[in-house]
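Novice: Have a look at this one.
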Amino acid sequence: MLRNKPVYRWIHNLMKEMNTEIACIRLGNVHVIPVICPDIACEFLKAQDNTFASRPNTMTTDLISRGYLTTVVSPSGDQLNKMKKVLMTHVLSPKKHQWLYSKRVEEADHLVHYVYNQCKKSVHQGGIVHLRTASQHYCANVTRKMLFNKRFFGKGMEDGGPGFEEEEYVDALFSSLNHIYAFCISDFLPSLIGLDLDGHEKVAMENHRILNKYHDPIIHERVQQWNDGAKKDTEDLLDILITLKDPNGNPLLSKDEIKAQITEIMVAAVDNPSNACEWAFAEMLNQPEILEKATEELDRVVGKERLVQESDFAHLNYVKACAREAFRLHPVAPFNVPHVSAADTTVANYFIPKGSYVLLSRLGLGRNPKVWDEPLKFKPERHLNEMEKTSSSVYLEFTTSPIQHRPYHCRRQHGSCKTTVCTCKTTLASTTVSRILKRVQGLCMLQNIINTRCARKLAVNVINSGNFYIVEKINIKDLCLEFLFD
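Here it is in structure tokens:
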């Protein structure tokens, strides 16, 4: 593992050389089972979901979950069942989703204001906005608003953008994501714990320290407010978690459970939507006809006299197809969260030993030429085609949410998909942009800025990041400005 970095690429190349859709690789004391076939994936996680419901124990997940007190990364057991019920009933329910609607809309307005200010700063360059900053920090801000009823930990910037605290926090979030199930050598050879041969332990502990630095004071203060009677109304999800009671009237969750679950929600909420947003726009730039189709659909369904609302989502099928295609072709991580075999079993006529780590390959499933026509081409139409809808549905079901396919149907997939789809929603015309800005501050300058300063061709800076290409900057003219999703 130390010699073959990155490990995911080595695994995929090995499977390609072997011409197989499932393999068994011995890493230390663990059998790792990568899978790139949807049919085999279905058998693992549908036909035998109870057998593969657990998660592996790793150094990073133990830190984030404070000793496995949460849902996503916790092994099967009573604690998982308890937190699963809390999450499904009190956090991810449709009722709570609607209750938080105003917070999502409020943060969308803040985003538009921030984008406008960025456009004013770079007007002579055509109005350039850093899409990654906008998308990543929006995802963090809207989640923070729903959890803590605040968008910033510090004062933020005058233009509405993130301050030092937010940048440090979001960097720690994404760094934590990069080190979860990242083939840390001590996870497979426990005798090496403490030596930190690959540097994972030091980075994971520093990320954990930063997240706790911002979360813990808020949680402690809020718990004290409820205990003292200074707070009586629930305003956010933190209040919900604090006020839950067991049958005896005692607090249902301990402070550590609340802290761990808050961290897990934040970590799980930010990566998929922002990554899909970047990739969808990068692909649209390469194929302007796709951008034009998405714009036309938005104008037809929403028009230019109002903003996109969540009720419009059901009718914006082509834009949703663009988001799904970004999920398929450019996943944020090469593998799903691992599943652990609870017993010796047989899947698709292959023997799977007890304790094996099953890895569904997002890259392999999304780019399997036996499943997808022209798998390396960005074709949103494939998700509208009846013949390919089944493959699309199966792939998205397995890959859009890290906490699904346990012994329950997790509603987070609904929120995650809505987040991403809406990030890609309002791509689109300068008239739409100018009307959005009028809603925020009555500003009407952007139409003139676009007409006089912006070339039709967007300014984009693409960097190579390993096996992925990430859009760094995108012109305001065709930037998605309506992020009305959760």
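Per the working numbering, the sequence shown starts with residue 586, numbered consecutively.
Backbone N, C-alpha and C define an ideal beta-carbon position, used for all residues, glycine too.
#1: Count the other C-beta atoms from every protein chain shown that fall within 10 angstroms of the C-beta of Pro873, then say buried if there are 16 or more, exposed otherwise.
#2: Taking the DSSP output, what are the residues bridged to Arg611?
#3: Just mark Asp756 as buried or exposed, buried being the case when its beta carbon has 16 or more other beta carbons within 10 Å.
#4: Need the endpoints of the beta strand (DSSP E) that Ile621 sits in, please.
#5: How is Leu944 classed by DSSP in three states: helix, strand or coil?
#6: When the Cβ atoms of the stretch 712 to 725 are set against those of the stretch 843 to 862, are three or more pairs found closer than 8 Å?
#7: Taking only the alpha-carbon atoms, compute the straight-line gap between Asn921 and Phe773 and give it to the nearest angstrom.
#8: Does the Cβ of Gly1108 have 16 or more other Cβ atoms within 10 Å, making it buried, or fewer, making it exposed?
#9: Using alpha carbons as the reference points, say which of Asn604, Leu685, Lys730, Val714 lies closest to His698.
#10: Any beta carbon of chain C sitting closer than 9 Å to that of Gln664?
#11: Closer than 8 Å is the cut-off here; do at least three beta carbon pairs connect the stretch 757 to 770 with the stretch 786 to 804?
#12: Assuming Asp831 contacts Leu823 (C-beta within less than 8 Å), just tell me the rounded distance between them.
#13: Smallest Cα separation from Glu791: which of Ser926, Thr645, Lys878, Ala725?
#14: For Tyr754, which option in Asp744, Asn734, Ala767, Asn726 has the closest C-alpha, if you only look at C-alpha atoms?
#15: Please confirm whether Leu948 and Ile621 have their CB atoms less than 9 Å apart.
#16: Around the C-beta of Arg588, are 16 or more other C-beta atoms found within 10 angstroms, so that it is buried, or is it exposed?
#17: If we call anything under 9 Å between Cβ atoms a contact, is Ile843 one with Leu826?
#18: Reducing DSSP to helix, strand and coil, say where Tyr766 ends up.
#19: Distance check for Gly746 and Tyr701, CA to CA, integer angstroms please.
#20: Is Val925 closer than 9 Å to Pro660 when the C-beta atoms are compared?
#21: If you run the structure through DSSP and keep just helix, strand and coil, what is His924?
#22: Would you kindly report the start and end of the unbroken alpha helix (DSSP H) that includes Thr718?
#23: For the stretch 844 to 851 against the stretch 887 to 905, do three or more pairs of beta-carbon atoms, one drawn from each stretch, fall closer than 8 Å, so that the two count as touching?
#24: Determine whether the beta carbon atoms of Ile625 and Ile607 lie at a separation below 9 Å.
#25: Should Glu959 be labelled buried (16 or more other beta-carbon atoms within 10 Å of its own) or exposed?
Specialist: Taking the structure as given:
#1: With fewer than 16 Cβ atoms within 10 Å of its Cβ, Pro873 is classed as exposed.
#2: His616, per the DSSP bridge assignment.
#3: Asp756 is exposed by the Cβ-count criterion.
#4: Careful: Ile621 lies outside any beta strand (DSSP E) and carries neither H nor E.
#5: Residue state for Leu944 is assigned as strand, using DSSP reduced to three classes.
#6: With the cut-off at 8 Å, the stretch 712 to 725 and the stretch 843 to 862 touch.
#7: Approximately 18 Å between the Cα atoms of the pair.
#8: No information on residue 1108 is available, as it lies outside the stretch 586 to 1071 that the chain covers here.
#9: Looking at the Cα atoms, Val714 is the closest of the given residues.
#10: Judged by its chain identifiers, the structure shown contains no chain C, having just a single protein chain.
#11: These segments touch.
#12: For Asp831 against Leu823, the beta-carbon gap comes to about 19 Å, at or over 8 Å, which does not count as contact.
#13: Checked all of Ser926, Thr645, Lys878, Ala725; the closest Cα to Glu791 is Thr645.
#14: Of the listed residues, the one whose Cα sits closest to Tyr754 is Asn726.
#15: Yes.
#16: Per the 10 Å Cβ criterion, exposed.
#17: A contact, by the Cβ cut-off of 9 Å.
#18: Correct three-state label for Tyr766: coil.
#19: Cα to Cα, Tyr701 sits roughly 11 Å from Gly746.
#20: Cβ distance < 9 Å, so Pro660 and Val925 count as in contact.
#21: His924 falls in the strand class under three-state DSSP.
#22: Here the alpha helix (DSSP H) through Thr718 covers 716 to 733.
#23: No contact exists between the stretch 844 to 851 and the stretch 887 to 905.
#24: In this structure, the beta-carbon distance from Ile625 to Ile607 falls below 9 Å.
#25: Burial is judged here by how many other beta carbons sit within 10 angstroms of a residue's own beta carbon; Glu959 has fewer than 16 and is exposed.
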